[in-house]
Amino acid sequence: MRDAAGVKALYGDGDPVLGDRWIPLLGTGGGDFYAAVYEARSPSSRVASVVIGGESRMAYDSVEQMVNAFRNFFRTGVFFIADDGTLDADDDLWISSETGSGRESA
45 MRDAAGVKAL
55 YGDGDPVLGD
65 RWIPLLGTGG
75 GDFYAAVYEA
85 RSPSSRVASV
95 VIGGESRMAY
105 DSVEQMVNAF
115 RNFFRTGVFF
125 IADDGTLDAD
135 DDLWISSETG
145 SGRESA
């Protein structure tokens, strides 16, 4: 929780995609992160992809959809265990899966 609060404090509330009702969910080694974006009137949160130095975008319609996509990413080799035992990703395939016609669905 301290890490999420730290990311939120450093990033601030000036992003038009995030607005002022968001909480970081997952981060990458490069500082990019996914955030749950919620509205008081909605029972679920959408998920935004925040790229440091780039534009934020809505990536998933719900946290559940993101989790299902990430499970599929692991199953299909987008995410994998590297030789050193760490979790790694094929970044090009990851980006094209989320933004292109090859986007993994829930």
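Take the sequence shown: its letters are residues 45 to 150, numbered as in the working numbering. Even glycine gets a Cβ: it sits at the ideal position worked out from N, Cα and C. Since the model is a prediction, treat every value here as computed from it, not as a measurement.
Taking the Cα of D135 as reference, the smallest distance to any Cα among D128, S89 and F117 is reached at F117. Burial check for L131: the Cβ neighbour count within 10 Å stays below 16, so the residue is exposed. Its chain contains V94, V95 and I96 as the residues whose beta carbon lies nearer than 7 Å to that of D76, once the 5 sequence neighbours on both sides are disregarded; these appear in chain order. The beta carbon of Y104 sits closer than 6 Å to those of V91 and M110, all from its chain and outside the five residues before and after it, given in chain order. Residue environment: A113 is assigned as buried (16 or more neighbouring CB atoms within 10 Å of its CB, all protein chains considered).
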